[in-house]
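Colleague: Dropping a structure here in structure tokens format, bear with me for questions.
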Amino acid sequence: MFDYLPYIREWNFPHIWCSGCGDGIVLKALIRATDGLGIHRDEAVMVSGIGCSSRTPGYVDVNTLHTTHGRALAFATGVKHASPNLNVIVVTGDGDATAIGGNHYIHAARRNIDITVLLYNNYIYGMTGGQVSPTTRKGDRASTAPFGSIEPPFNISGLAKAAGASFVARGDVYNVKKLEKLIKLAIQKKGFSLLEILSPCPTAWGRRNKMGHPVQLMEWLRDSTVSMEKWEKMTDEEREGKIRTGVLHDVARPEFTDEYAKLVKRLKAEK
Amino acid sequence: MPVKISDKIRMMTGNEACAEGAIAAGCLFFGGYPITPSSEIAEYLSRRFPIIGGKFIQMEDEIGAMGSVIGAALTGMKAMTATSGPGFSLKQENIGYASMAEVPCVIIDVQRGGPSTGMPTLPAQMDVQQARWGTHGDRGVIALTASSAQETFEQTIHAFNLAERYMTPVVLLIDEITGHTTEKVTLPDYDSIERVDRKRPTEPPETYLPYKYTDDCIPTLAPFGTGYRYNVTGLCHNETGFPTNDPKEIERLILRLTEKIVKNRHEIINCKRTMLDDAEIAIFAYGSVARSARQAVLQLREEGIKAGLLEPTVLWPFPSEIVLKIAEQVDSFLVAEMNLGQMAREVELASKCKASIHRLNRVDGSPISPPQIVGKIKEVV
Amino acid sequence: MDRYEIRLSGSGGQGLILAGKILAEAVVIYDGRNAVQTQSYGPEARGGASKAEVVISDSDIDYPKAVELDLLLSLTQESCTKYICDLKKSGILIVDSGAVKDIPHGDYRIYEADISDLAVKEIGKAVVTNIVALGILTRIAGVASEEAVRKAILARVPKGTEEINKKAFDTGLRVGGELLAESKRS
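Chains W, P and H, in that order, give the protein sequences. The first sequence begins at 1 in the numbering used here and counts up by one. The second sequence begins at 1001 in the numbering used here and counts up by one. The third sequence begins at 2001 in the numbering used here and counts up by one.
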């Protein structure tokens, strides 16, 4: 059996997540993935903002930086630009990254700075009590949308791709093996890598939206996620209500810290 | 770029002198966002940093700029940002973070008038109390000021040294006049500059505690990537750096954030004095207004009025003890400032009714001139 | 107090702040005296009101702004009308006669030259109006040595424009000399 203990800060357990929450599943997948990649813990920096998912770094024994709401990517940009040799992973949520931190999200993607972003999409503001978030689906109920949300949700993967990220993928906490593989790919990719992880909140979202039992959420993920291969073969009708998972976008683009190093080299040569 | 007279003497604006001071201090990271009247600091460093091994980045907004600075500082670099009123407001949350997590960094605020967008190209000193209380929560604060390009150069170095010594964000408040005035700056030999670097851990990682309780109240944060894996958070934390809800631990932390500044205030506080020894009226002025006040004092003395000038170069912590001593000596204080009395309040508090406090305020975007101060003093005397 | 206060005024984009910087640099760097230069400007990069001030002294300069002008240069009517009140008795007023039609009356020494026209006609470039003006001012005020200002101009202007700037400065010096001679005759 895989031994997680060397990678975690055991003294911080039990964790704060509710029973039925998928965030612990991501934590374990993340540990297995980084173990497989042979990343040195001293050279890994995990940065997060505010929210349930943003508590992840506290449990992982690397350099960890728990920042202000929405600003993880700004702090992470400073870390990576100052020390490009460090492996920087940002853990954030849908509200943290695409509402209050939306500007940093699109600009970090535009710069294509070599940061891996694990964006846990739980469809709600979980920690503050279930308020409507940018990914809450239209019609879903939330504590600040008691009659159902009247707003359309963000396509956060599409947003990262449009802004310039060189790698965009989507995974979920039901298809765990696949999630682990996607985390590996995202970390290995040079440039801005966005991995959207569907980890629906049972407490604040599921209960309000007829999926109060965590098993129901797992079944929903099982039944609604489809692989890219399958998606390609589906008709528009069949795609209705389904969510693609896998690698959505993977291109080579100039990376920010490389470009800065090139500039430094060019200026040296001109001197 | 400023014109060189020799390697050591240059004509520079205050903003250029600030940027050069940062280089002299050993700063190697700048994260900023364009804003008048501070942008020349970013422009100067965007030209210099790629050549001297530094890292420059123009972030997507003011908040991001402050975040990038904290991130860079945690890797061990000396890092700074520069802004003006509206940007200073936006940066407050992350300045509070730097206070809470005790991350050394420098924030330059080239003040303009406010509130809101206010007067982008005109001088003011309206951010003085914001530097003290701008972010939420209780904490100790260090804020410096400067009245000339030369002093801006020196105070920028000093700001970095204080930040590294006390593990805290340090604000340097100048104003549009100082930032944009071109004047002579004599640069020291950079090898002879006294530079303070933050403490590094001496114990092995196994026994390392980033926020260990020590007599000097100052934590030891190892740069990321050096083998000391720890946690940094804006939440109340214990000496391990992890969040805590223990009332004792919380109180200890919050008290320490203030105590580390208060306890060391005599090391931090600094005031310049002009003709105060026999003064009957003392002018309290800082930043560019202090220049007018100096000229006014000379003129008043020529006319037989015993005026003197107290010019704090450190605004926070406030030099209460010094003000009280002078209040016991003089009949009255005149506090001249380009706001509606932000420092006059402090002078009133500190002087404990030992002297009468008069105010000279200007908020129309124009500087306070020497004749204005002379006129006001004559009216008071 | 031994202060000599100069204000260069006009509209944004006329290069007056640069001219002020050059003058201050000339005084400090090449003449070895003391000078500070300040400015105020509006939000526009072009147009709007703009002024640059240079205070020259042999000792420390505390207040960096002008209080009582020894010399006012105005390249626009608006700036001339606005700032004339700050010019001291018997102070020097230099105006671009092409732009300033309504010259204020008073106890001033007034010098008029079609400065922007000179830049266009003699140098072929309106962009050097500021340097022509600097030449006129240098000759008339006599507070900075011509050699110092020339060196300061060359240290500041973009590479490849040294010749036209030198020519512009010489034109200014010549016209300034003519204006001085004329005023002595009258």
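Ideal Cβ positions, reconstructed from N, Cα and C, are used throughout, including at glycine.
Can we say the segment 184–201 of chain W touches the segment 246–257 of chain W, given the rule of at least three CB pairs closer than 8 Å?
Modeller: Output reads yes: the segment 246–257 of chain W touches the segment 184–201 of chain W.
Colleague: In the DSSP assignment, find the alpha helix (DSSP H) that holds LYS2088(H) and state where it starts and stops.
Modeller: Taking the first residue of the third sequence as position 1, residue 2088(H) is located at position 88. No alpha helix (DSSP H) holds LYS2088(H); the beta strand (DSSP E) holding it covers 2087–2096.
Colleague: So, is the C-beta of GLU1346(P) closer than 8 Å to a C-beta in chain H?
Modeller: Along the second sequence, one-based indexing puts residue 1346(P) at 346. Chain H contact via Cβ: absent.
Colleague: Considering ASP2031(H), what are the terminal residues of the alpha helix (DSSP H) in which it resides?
Modeller: Residue mapping note: residue 2031(H) aligns to position 31 of the third sequence, counting from 1. It is not in any alpha helix (DSSP H) - ASP2031(H) carries neither H nor E in the DSSP assignment.
Colleague: From which residue to which residue does the beta strand (DSSP E) around LYS1272(P) run?
Modeller: The count along the second sequence starts at 1 and reaches residue 1272(P) at position 272. LYS1272(P) -> beta strand (DSSP E) spans 1271–1274.
Colleague: For VAL2028(H), count neighbouring C-beta atoms within 10 Å of its own C-beta (all shown protein chains included) and say buried if the count is 16 or more, exposed if not.
Modeller: For the purposes of this step, residue 2028(H) is identified with residue 28 of the third sequence, where counting begins at 1. By the 10 Å Cβ count, VAL2028(H) comes out buried.
Colleague: How about SER199(W) and TYR120(W): are their beta carbons less than 8 Å apart?
Modeller: The residue given as residue 199(W) occupies position 199 in the first sequence. The residue given as residue 120(W) occupies position 120 in the first sequence. Cβ atoms of SER199(W) and TYR120(W): closer than 8 Å.
Colleague: Is the beta carbon of GLY1071(P) less than 8 Å from the beta carbon of HIS1180(P)?
Modeller: Indexing the second sequence from 1 puts residue 1071(P) at position 71. Indexing the second sequence from 1 puts residue 1180(P) at position 180. Their beta carbons are not under 8 Å apart, which means GLY1071(P) does not touch HIS1180(P) by this criterion.
Colleague: What is the DSSP secondary structure of GLY1054(P), reduced to helix, strand or coil?
Modeller: Mapped onto the second sequence, residue 1054(P) falls at position 54. Three-state DSSP puts GLY1054(P) in coil, outside helix and strand.
Colleague: Between ASP94(W) and chain P, is the shortest Cβ-Cβ distance under 8 Å, so that the two count as touching?
Modeller: Translated into the one-based positions of the first sequence, residue 94(W) becomes position 94. Not an interface residue.
Colleague: Is the beta carbon of LEU1324(P) closer than 8 Å to that of SER1351(P)?
Modeller: Numbered from 1 along the second sequence, position 351 holds the residue referred to as residue 1351(P). Numbered from 1 along the second sequence, position 324 holds the residue referred to as residue 1324(P). Yes, these two residues count as a Cβ contact at 8 Å.
Colleague: Does DSSP put ARG2139(H) in a helix, a strand or coil?
Modeller: Position 139 of the third sequence holds residue 2139(H). If DSSP states are grouped into helix, strand and coil, ARG2139(H) belongs with the helices.
Colleague: Check this for me: beta carbons of ASP2070(H) and TYR2004(H), under 8 Å apart or not?
Modeller: As a first step, residue 2070(H) must be located in the third sequence, where it is residue number 70. As a first step, residue 2004(H) must be located in the third sequence, where it is residue number 4. Result yes, Cβ atoms of ASP2070(H) and TYR2004(H) sit closer than 8 Å.
Colleague: Out of curiosity, what's the CA-to-CA distance linking GLY2091(H) and ALA1307(P)?
Modeller: Counting from one through the third sequence, the residue named residue 2091(H) turns up at place 91. Counting from one through the second sequence, the residue named residue 1307(P) turns up at place 307. Approximately 32 Å, taken between the alpha carbons.
Colleague: Please classify GLU1388(P): does DSSP put it in a helix, a strand, or coil?
Modeller: The structure shown does not extend to residue 1388(P), since chain P is modelled only from 1001 to 1381, so the question has no answer here.
Colleague: Restricting to Cα atoms, I'd like to know which of THR135(W), TYR105(W), GLY95(W) and LYS161(W) is closest to SER272(W).
Modeller: An answer regarding residue 272(W) cannot be provided, because it is not within the stretch 1 to 271 covered by chain W.
Colleague: Helix, strand or coil for MET1011(P)? Go by DSSP, reduced to three states.
Modeller: As a position in the second sequence, residue 1011(P) is number 11, starting the count at 1. Three-state DSSP puts MET1011(P) in a strand.
Colleague: Tell me which residue opens and which closes the alpha helix (DSSP H) that LYS1091(P) is part of.
Modeller: Within the second sequence, numbered from 1, the residue matching residue 1091(P) stands at position 91. Segment 1085–1101, the alpha helix (DSSP H) holding LYS1091(P).
Colleague: Is the shortest distance between the beta-carbon of MET1011(P) and the beta-carbons of chain H less than 8 Å?
Modeller: Translated into positions along the second sequence, residue 1011(P) becomes position 11. It does: the Cβ of MET1011(P) has a partner Cβ on chain H nearer than 8 Å.
Colleague: How big is the Cα-Cα spacing for MET2001(H) and MET1275(P)?
Modeller: For the purposes of this step, residue 2001(H) is taken as residue 1 along the third sequence, with counting starting at 1. For the purposes of this step, residue 1275(P) is taken as residue 275 along the second sequence, with counting starting at 1. Its pLDDT being 45, under 50, MET2001(H) is placed unreliably in this model, and the coordinates cannot settle the point.
Colleague: In terms of residues, what are the limits of the beta strand (DSSP E) holding PRO1169(P)?
Modeller: One-based indexing of the second sequence puts residue 1169(P) at position 169. Counting along the chain, the beta strand (DSSP E) containing PRO1169(P) begins and ends at 1169–1175.
Colleague: Using the Cβ count rule (16 or more neighbours within 10 Å means buried), how would you classify LEU1375(P)?
Modeller: Here residue 1375(P) refers to the residue found at position 375 of the second sequence. Note that residue 1375(P) corresponds to Gly in the displayed sequence, not to Leu. When all chains shown are included, GLY1375(P) counts as exposed.
Colleague: Name the chain W residues whose beta carbon is nearer than 7 Å to that of THR1400(P)?
Modeller: Look at the range of chain P in this structure, 1001 to 1381, and you will see that residue 1400(P) is not part of it.
Colleague: Taking CB distances under 8 Å as the criterion, tell me whether PRO2158(H) reaches chain P.
Modeller: Along the third sequence, one-based indexing puts residue 2158(H) at 158. No, PRO2158(H) does not count as interfacial toward chain P.
Colleague: Report the residue ranges of all alpha helix (DSSP H) runs contained in full by the segment 1209–1289 of chain P; include only those spanning at least 4 residues, in chain order.
Modeller: Counting only runs of 4 or more, we get 1247–1262 and 1265–1268.
Colleague: In its own chain, which residues sit with a C-beta less than 6 Å from the C-beta of TYR125(W), not counting the 5 before and 5 after it?
Modeller: In the first sequence, the residue the question calls residue 125(W) occupies position 125. Closer than 6 Å at the Cβ level, and outside the excluded window around TYR125(W), lie GLY95, GLN131 and SER133.
Colleague: For PHE1242(P) and chain W, any beta-carbon pair shorter than 8 Å?
Modeller: Looking up residue 1242(P) in the second sequence gives position 242. Yes, because at least one Cβ of chain W sits closer than 8 Å to the Cβ of PHE1242(P).
Colleague: Entirely within the segment 1335–1374 of chain P and at least 4 residues each: give me those alpha helix (DSSP H) ranges in chain order.
Modeller: Whole alpha helix (DSSP H) segments, 4+ residues: 1344–1351.
Colleague: Can you give the Cα-Cα distance for CYS1236(P) and PRO84(W), rounded to whole angstroms?
Modeller: The residue labelled residue 1236(P) in the question sits at position 236 within the second sequence. The residue labelled residue 84(W) in the question sits at position 84 within the first sequence. For CYS1236(P) and PRO84(W), the distance between alpha carbons rounds to 30 Å.
Colleague: Thinking GLY1234(P) and HIS15(W) are a contact (beta carbons under 8 Å), I'd like their distance in whole angstroms, please.
Modeller: Sequence index remark: in the second sequence, residue 1234(P) carries index 234 (1-based). Sequence index remark: in the first sequence, residue 15(W) carries index 15 (1-based). Not confirmed; about 19 Å, so no contact.
Colleague: Within this structure, are the beta carbons of ASP140(W) and LYS190(W) separated by less than 8 Å?
Modeller: The residue given as residue 140(W) occupies position 140 in the first sequence. The residue given as residue 190(W) occupies position 190 in the first sequence. No, Cβ-Cβ distance for ASP140(W) and LYS190(W) is not below 8 Å.
Colleague: Per the contact definition of three or more C-beta pairs closer than 8 Å, is the segment 141–150 of chain W in contact with the segment 162–174 of chain W?
Modeller: With a cut-off of 8 Å, the segment 141–150 of chain W and the segment 162–174 of chain W do not count as touching, because too few Cβ pairs lie within range.
Colleague: What number of angstroms, rounded off, separates the C-alpha of GLY1053(P) from the C-alpha of LYS1184(P)?
Modeller: Your numbering for residue 1053(P) matches position 53 in the second sequence. Your numbering for residue 1184(P) matches position 184 in the second sequence. Roughly 27 Å separates the two Cα atoms.
Colleague: Under a CB-based cut-off of 8 Å, is GLN2014(H) close to chain P?
Modeller: Position 14 of the third sequence holds residue 2014(H). It does not; no Cβ of chain P falls within 8 Å.
Colleague: So with CB distances below 8 Å, who are the chain C contacts of ASN2034(H)?
Modeller: Of the protein chains in this structure, namely W, P and H, none is chain C.
Colleague: What's the call for SER2079(H), buried or exposed, on a 16-neighbour Cβ count within 10 Å?
Modeller: Residue numbering aside, residue 2079(H) sits at position 79 when the third sequence is read from its first letter. Buried, by the Cβ-count rule.
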